[in-house]
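Shown next, in structure tokens, is the structure this report addresses.
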């Protein structure tokens, strides 16, 4: 890829969009700006504003969206925005264009994450640098994406894993599922493993105790840290379920190169996961329990990983053209 080629990169979340310039696989963090989605009609308007402010004339553009992507077109899950290559070309004038799911973008960045932005949770075992990896996002929603290296290319297939059905192992979990399903027909994994999912687990535990005491996730975590028994049960339930789901995904994709947890909820739970049931849930695979010890698990805390992944993907696209 031409190292002098300027690209514009965007990470579109449910509330804000972060935009920056890049060259090659590098992101210029001094150029990064954040925009409130509610102030704009769509990503095209955000990009036009950014380019007007910076005066940049990019030759490439890649955006990561928090929603499903198919054939280089995506729709945001939590806001009424859509994006495709034609829209990006009209907004930026760039010729090399790409649209990724936000988990795909994170996956493309894994090879460039600094060690200080990775916190080991489970050690795993050494593996080939060509081994598959897995990104699991837990925040406003939940999703996962496998990451494969094919020669000098990275393949990150999109997925909507958060809408799969949660596996249940006990009478308690069945009661939790029925509690959530009464309000959310067809409840999927992210109805339990997300910020709101954590609150639903708390509400279920309150109902089990015959009380009503709805609280936001941050207050529940504060209660747990203060020693509240019910809040501790909520954290343990969430951690064990997350471990089990990550274990299921590990058996599906065999990511011997590691599992990388991302997202705001994953970060807040990070210090508590291993000590409050994640490892037990992860290894709860019967005769395959020992097999699970092969997979390292890390907490990824790089705020700009999605932008880096966009740059990496765009770089590979340009190399293909060249």
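Numbering (our numbering), first residue to last: 751 to 1072.
Ideal Cβ positions, reconstructed from N, Cα and C, are used throughout, including at glycine.
Check: Rounded separation between residue 774 and residue 822 - CA only; Outcome: 21 Å
Check: Segments of 3+ residues assigned as beta strand (DSSP E) that fall wholly inside the stretch 1006 to 1055; Outcome: 1009 to 1012, 1047 to 1050
Check: Helix, strand or coil at residue 915 [DSSP, three-state]; Outcome: coil
Check: Distance, residue 812 Cα to residue 1120 Cα; Outcome: Because the chain is modelled from 751 through 1072, residue 1120 falls outside the range shown and cannot be assessed.
Check: Contiguous alpha helix (DSSP H) assignments of at least 4 residues, all confined to the stretch 897 to 953; Outcome: 921 to 931
Check: For residue 827, the three-state DSSP class (helix, strand or coil); Outcome: coil
Check: C-beta atoms of residue 1013 and residue 930 nearer than 8 Å; Outcome: no
Check: Residue 1006 and residue 1044 closer than 8 Å at C-beta; Outcome: yes
Check: Nearest residue (CA-CA) to residue 789, options 769, 780, 765, 776; Outcome: 765
Check: Beta-carbon proximity check, residue 1062 vs residue 904, cutoff 8 Å; Outcome: yes
Check: Endpoints, beta strand (DSSP E) assigned at residue 989; Outcome: No beta strand (DSSP E) contains residue 989, which is instead part of the alpha helix (DSSP H) from 979 to 1003.
Check: CB contact flag (residue 906, residue 857, <8 Å); Outcome: yes
Check: Continuous alpha helix (DSSP H) stretch holding residue 842: start and end; Outcome: 835 to 842
Check: Contact under 8 Å by Cβ, residue 936 with residue 912; Outcome: no
Check: Proximity to residue 934 [Cα-Cα], best of 922, 915, 919; Outcome: 915
Check: DSSP state of residue 895 mapped onto helix, strand, coil; Outcome: strand
Check: Cβ-Cβ distance between residue 1049 and residue 869 below 8 Å; Outcome: yes
Check: Residue from 792, 866, 884 whose Cα sits closest to the Cα of residue 840; Outcome: 792
Check: C-alpha gap between residue 787 and residue 832, whole angstroms; Outcome: 12 Å
Check: Among 820, 850, 795, 966, nearest to residue 1015 - alpha-carbon criterion; Outcome: 966
Check: For residue 775, the three-state DSSP class (helix, strand or coil); Outcome: coil
Check: Per DSSP, the bridge partner or partners of residue 783; Outcome: 769
Check: Best match in 767, 798, 756, 795 for proximity to residue 778 [C-alpha to C-alpha]; Outcome: 756
Check: Beta-carbon contacts of residue 926 that lie in its chain and below 6 Å, excluding the five residues immediately before and after; Outcome: 954
Check: Proximity below 8 Å, CB of residue 849 to CB of residue 885; Outcome: no
Check: Residue 1047 beta carbon less than 8 Å from that of residue 872; Outcome: yes
Check: Own chain, CB closer than 7 Å to residue 1067, minus 5 neighbours either side, in chain order; Outcome: 846, 848
Check: C-alpha gap between residue 1072 and residue 909, whole angstroms; Outcome: In this prediction, residue 1072 has a pLDDT of 45, which is less than 50 and means its spatial position is unreliable; nothing more can be read from the coordinates.
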